[in-house]
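Going letter by letter, the sequence shown gives residues 76 to 239 in this note's numbering. We put the CB at the ideal spot given by N, CA and C, even for glycine. Since the structure comes first, as structure tokens, the remarks are kept for the end.
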Amino acid sequence: MRTTRMPTSADVGCVLGAVRFLERPLRPDAAAAALVRVGAGRGGSALLVSSQIRDLAVVREALLHSDSAASVAFDARQAVDLLDIIRRPNVLVLDLASDPTRGLGLALELRQDSRVAATPMVLLLPENFDSDRLRREALRGGLLAPDAASRIERLIDLVTRDAA
76 MRTTRMPTSA
86 DVGCVLGAVR
96 FLERPLRPDA
106 AAAALVRVGA
116 GRGGSALLVS
126 SQIRDLAVVR
136 EALLHSDSAA
146 SVAFDARQAV
156 DLLDIIRRPN
166 VLVLDLASDP
176 TRGLGLALEL
186 RQDSRVAATP
196 MVLLLPENFD
206 SDRLRREALR
216 GGLLAPDAAS
226 RIERLIDLVT
236 RDAA
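Structure (structure tokens):
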């Protein structure tokens, strides 16, 4: 079943925290608006991770229009290595097109890296995004606990009951 709605953080698991999404085909105006909303504005910087040159160019153009700098990595290893030499970015932009499971793995790795753990994240979605497929791949890759939703619901129940 193909999903055409924009995903929520539940689609990639609450483990990634607050995440924004950009759909393909990328448009510079939409990319600029999304990046400014998450903190890439005047004088800011972003770490872009993608192997898709055309999409990198669109995102870089959007950042330039908002007076932000961009550091580019073509894979997860380069991204982690760049964190040692660039100033802390205001936003992380990760592409899920080539390999969604690896992209989510990098997102999880960055969320556990103290240098950028709280940095806003934007995920570039593959064309014809299918949230069910992405969830299956994330589960298969060991990125999401199968019972995460039920654990969160139990936690909410406990907090609600204790607050009452």
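Exposure label - residue i; buried when at least 16 CB within 10 Å
{"i": "L40", "result": "Any answer about residue 40 is impossible in this case: the structure gives the chain only from 76 up to 239."}
{"i": "A108", "result": "exposed"}
{"i": "S173", "result": "exposed"}
{"i": "A154", "result": "buried"}
{"i": "G118", "result": "exposed"}
Spatially closest choice to residue i from the options, by CA coordinates
{"i": "V124", "options": "S141, P164 and S189", "result": "P164"}
{"i": "A137", "options": "L171, L209, F149 and G114", "result": "G114"}
{"i": "L167", "options": "I160, D159, P175 and R186", "result": "R186"}
{"i": "R208", "options": "D104, A192, L110 and P175", "result": "P175"}
{"i": "L198", "options": "R211, A192, F204 and L169", "result": "L169"}
{"i": "I161", "options": "D188, S120 and I128", "result": "S120"}
Spatial neighbours of residue i in its chain, beta-carbon cut-off 6 Å, leaving aside the 5 residues before and after
{"i": "E98", "result": "L200"}
{"i": "S126", "result": "F149 and S173"}
{"i": "L101", "result": "D130 and V133"}
{"i": "D142", "result": "R117"}
Residues near residue i in its chain [Cβ-Cβ closer than 8 Å; skip 5 each side]
{"i": "R135", "result": "L123, A145 and V147"}
{"i": "A151", "result": "V124, R177, G180, L181 and E184"}
{"i": "A192", "result": "L185 and R186"}
Separation of residue j from residue i, as counted between CA atoms
{"i": "L171", "j": "A106", "result": "15 Å"}
{"i": "P195", "j": "V94", "result": "7 Å"}
{"i": "R211", "j": "L110", "result": "28 Å"}
{"i": "I128", "j": "E202", "result": "15 Å"}
Contact set for residue i: own chain, Cβ-Cβ below 7 Å, skip 5 residues either direction
{"i": "L157", "result": "L122, S146 and A148"}
{"i": "R190", "result": "L158 and R163"}
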